[in-house]
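In the numbering used here, the protein residues as written are 2 to 283. A virtual CB, placed ideally from N, CA and C, is assigned to each residue, including glycine.
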């Protein structure tokens, strides 16, 4: 067993040690989760809320701020509407939202992306098929509307947000394959490096590493757990490590506190924080 193999096994043990319920609890700390709770309590048309969620998530990158501010701003923007019951209203909300400072970076590119999805018919197709449509078909249609492949980060993130939306509205996750690709961004790469599960941070290497860890988690738990759930843990950890300048002890302490705040036991929080910061400098 190589050092990389050993590290992946140790990280998998720490994640599996949370148990299934401990793993899925992290979704509630995702930046979009509070928005989804608030929006579903305020508006009745779940098909248009789901559409808004999917379309907005495709803009959640290269922000002028952080992801928390992105979703807070969408919630603030949505408060200007009394109803959300048509594709045109969804488009109006997004048009105003895209003018906000949090979306200033690459705004033209992002607006072009929204227009592309609308012109390719996703905004009309989705509400006409919801809620009975196969979620995998939704995944395919998002990729097709964006004129890209299903494994691209933006597409996968949109499906993950739709998955969380379904949990809130219907009390269960979507019926999707568990071996989905991890949405590989800077935070996911950061934790892969800090945990010592990769030799380099190329996207393919990082995605394969987390897929290997995920396979081992599923084997230990003897039940399938979606990569979406582990992505929540990893992304939140990456954000915390980044805020502490990739320094081991401050990052480890902050991670332990965050993990305990999500409901983990002291020993679980300590072990996971340790595994996620192994290679960081003191």
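Cβ-based burial, residue i [other Cβ within 10 Å; buried from 16]
i	result
residue 134	exposed
residue 106	exposed
residue 281	buried
residue 52	buried
residue 188	buried
residue 116	exposed
residue 196	buried
residue 257	buried
residue 3	exposed
residue 311	Outside the displayed range of the chain (2 to 283) lies residue 311, so it cannot be described from this structure.
residue 276	buried
Cα-Cα separation between residue i and residue j, rounded to whole angstroms
i	j	result
residue 248	residue 271	16 Å
residue 46	residue 191	38 Å
residue 14	residue 218	7 Å
residue 145	residue 172	28 Å
residue 138	residue 42	27 Å
residue 169	residue 5	37 Å
residue 207	residue 39	34 Å
residue 100	residue 162	22 Å
residue 1	residue 76	Beyond the ends of the chain as shown, which are 2 and 283, falls residue 1; an answer cannot be given.
residue 176	residue 166	13 Å
residue 112	residue 63	13 Å
residue 181	residue 228	6 Å
residue 16	residue 37	26 Å
Beta carbon of residue i nearer than 8 Å to that of residue j
i	j	result
residue 56	residue 95	yes
residue 32	residue 72	yes
residue 213	residue 8	no
residue 60	residue 121	no
residue 27	residue 234	yes
residue 92	residue 119	yes
residue 211	residue 193	yes
residue 34	residue 222	no
residue 230	residue 24	yes
Check your understanding: Fully enclosed by the stretch 11-87, which alpha helix (DSSP H) runs are 4 residues long or longer?
Key -> The stretch 11-87 contains these whole alpha helix (DSSP H) runs: 20-25, 32-43, 47-58 and 68-79.
Check your understanding: Whole alpha helix (DSSP H) runs in the stretch 112-181 with 4 or more residues, listed along the chain?
Key -> Fully enclosed alpha helix (DSSP H) runs of 4 or longer: 123-130, 136-147 and 154-171.
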